[in-house]
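J.:
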Amino acid sequence: MKQSMQNKALNVMLVISMVWIGGGAYISTAYAETNTAPNQENQLENTLSKLEIEGIKLDQLFSTNLKEYSATVKNEVQEIKLVVESSNTNSSITINGQLVLSGVAGGYSIQTGENKFLISINDGSGTTNIYTLTIKREENTNSLLQSINLSKGQLSPKFSSEVTEYKVDVPKDVQAITIKPTTVADTSTIKVNERTATKDGVVVEIPVGKSDIIIVVTAENGEKKTYTLHMTKAAAEVTTNPINNPKPSPTQPTTQPNNRTNSSNSTTQPVSSSPEEKTSKAMLSSLSVSEGSWDSTFTNDEFTYHVKVSNDVDAITLKPIAEYSSSEILIEGSTSQTIKVENDSKTIISIVVSNGDDRKTYVLVFDKES
């Protein structure tokens, strides 16, 4: 209304001017009005009018003037649906260099960690606006095993991902078994007695008596879960030497003492003996450590021990002594007696005693206090 009154006033002034100057050139009032009125067209900006992820909330409400956004999704989310739109029909929009349709949702795969999307909008005027969207996909927290397969022996109880303690009995003639654990999540890693497990599994020597096999599963985010196999291997049967344990033979009567000597029957009968018991020479006579308290007293026929150490202990010196001086001792494959204690809750150390073809493995599991 105000604009109309201004235009009418201008026309009146033009008419008066024409009368005052007398006869002169005629100026159309319509021409004057058209050239003096302001432009009524709205100039559309070269910006986004919409940016959203279907089903996922941005860190802040979208605004045309805000250029940086982020969002966090669970590890289970592997793809997002992204919608970008501009009210300027002359603009073209690209996401990471690929042209997209305004207002149409597009699917994008995302990896674990940060995923960046650079959204560019250009209307051909020479100015380009760029919006940045950062989507963080959380790491996998799954540290469960899906199965444990053994080349010999059976798990007791039957395997379950949530059960972490098992008993396994193996025959006395088994020297080693192959352990093939598989994880629920492909992103997890496995170590068996501190050795990285492959698709072919890990071969573990089984000593006579009781021993433990420790399986540690590490999730993508670093969380760990420990499964323990309590192994039992029976000792080989041996024949008792009758010289050390004299017993009457069931087929030969026991000789009774006789004070009278029979000269005609004074020859002593030879004593029959069985083969002597085979004694392993690959044994330790003692084993001590510079730090920690043992779960039980060391004996050479027990092969697995747990040692509790303080949380600030970084290294421990072991002192194994062989029962036979001809035996060779290796600690984690080395002759060094000082071992490093990892920051993890458990550090597993193997001590291998060998004497020719005879070989025994002792295992120390160092448990750090919380």
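The C-terminal residue of the sequence shown carries number 725 in our numbering, and the numbering is unbroken.
Built from N, CA and C at the ideal position, the CB exists for glycine as well.
1. Please give the ranges of any beta strand (DSSP E) in the stretch 441-520, keeping only runs that are unbroken, at least 3 residues long and fully inside the region.
2. Run through the DSSP bridge pairs and tell me what tyrosine 717 is partnered with.
3. Where does aspartate 712 land, buried or exposed, given buried means 16+ other C-beta within 10 angstroms?
4. How is the beta strand (DSSP E) around proline 536 delimited, first residue to last?
5. State yes or no: is the C-beta of leucine 473 within less than 9 Å of the C-beta of glycine 452?
6. Can you check which of these residues, Leu406, Ala589, Val523, Lys507, is closest to leucine 456 by C-alpha distance?
7. Report all residues from its chain with a CB closer than 8 Å to the CB of valine 718; omit the five preceding and five following residues, and keep chain order.
8. Using C-beta distances below 8 Å, list every residue in its chain close to glutamate 493, excluding the 5 sequence neighbours before and after it, in chain order.
9. Threonine 489 to phenylalanine 514, Cα distance in whole Å?
10. Got a sec, what are the start and stop residues for the beta strand (DSSP E) glycine 564 sits in?
11. Apart from the five residues on each side of it in sequence, which residues of its chain come closer than 7 Å, Cβ to Cβ, to asparagine 394?
12. Measure the alpha-carbon distance for serine 641 versus lysine 674 and round it to whole angstroms.
13. How long is the line joining the alpha carbons of asparagine 617 and serine 709, rounded to whole angstroms?
14. How would you label serine 418, buried or exposed, when you count the other beta carbons within 10 angstroms and need 16 or more for buried?
15. Okay, do the stretch 499-512 and the stretch 526-546 touch, 3+ Cβ pairs below 8 Å being the bar?
16. Please go through the same chain and pick out, in chain order, the residues whose beta-carbon is closer than 7 Å to the beta-carbon of tyrosine 679, but skip the five residues on each side of it.
17. Just to confirm my understanding: we take glycine 410, look at its own chain, exclude 5 residues before and 5 after, and list those with CB closer than 8 Å. What are they?
18. Can you pull the DSSP bridge partners for glutamate 407?
19. With DSSP run on the structure shown, which of helix, strand or coil describes valine 432?
20. So what's glutamate 678 in DSSP terms, helix, strand or just coil?
21. Pull up the DSSP beta-bridge partners for glutamate 683, would you.
22. Specify, as a first and last residue, the run of the beta strand (DSSP E) that serine 643 falls within.
23. Can you list, in chain order, the residues of its chain whose CB lies under 7 Å from that of serine 682, leaving out five sequence neighbours each side?
24. Could you give the DSSP three-state label for glutamate 400: helix, strand or coil?
25. When burial is assigned at 16 or more other CB atoms within 10 Å of the CB, is leucine 505 buried or exposed?
26. Going by the DSSP bridge assignment, what does aspartate 669 pair with across the sheet?
27. DSSP three-state label for leucine 330, please.
28. Looking at C-alpha atoms only, which residue of Ser651, Glu697, Ile684 is the closest neighbour of valine 668?
29. Would you tell me roughly how many angstroms separate the C-alpha atoms of leucine 639 and valine 432, rounded to the nearest one?
30. Taking DSSP as the reference, what is the three-state secondary structure of valine 523?
T.: In short:
1. 447-450, 453-455, 461-464, 468-477, 483-492, 500-505
2. Ile706
3. exposed
4. 531-538
5. yes
6. Leu406
7. Asn548, Ser566, Asp567, Phe658, Thr659, Tyr660, Ile703, Ile704, Ser705, Ile706
8. Thr427, Val428, Lys429, Asn430, Thr467, Asn576
9. 42 Å
10. 564-573
11. Residue placement at asparagine 394 is flagged as unreliable, the pLDDT there being 36, under the threshold of 50; a coordinate-derived value is accordingly withheld.
12. 8 Å
13. Residue confidence is low: asparagine 617 scores 43 on pLDDT, short of 50, so the model does not pin down where it sits. Its coordinate-derived value is still stated next. Each residue's alpha carbon lies about 54 Å from the other.
14. exposed
15. yes
16. Lys636, Asn710
17. Lys436
18. Val438
19. coil
20. coil
21. Ser709
22. 639-644
23. Lys636, Ala637, Val708, Ser709, Asn710
24. coil
25. buried
26. None; aspartate 669 has no bridge partner.
27. In the structure displayed, the chain extends from 356 to 725; residue 330 sits before or after that span and is not available.
28. Glu697
29. 54 Å
30. strand
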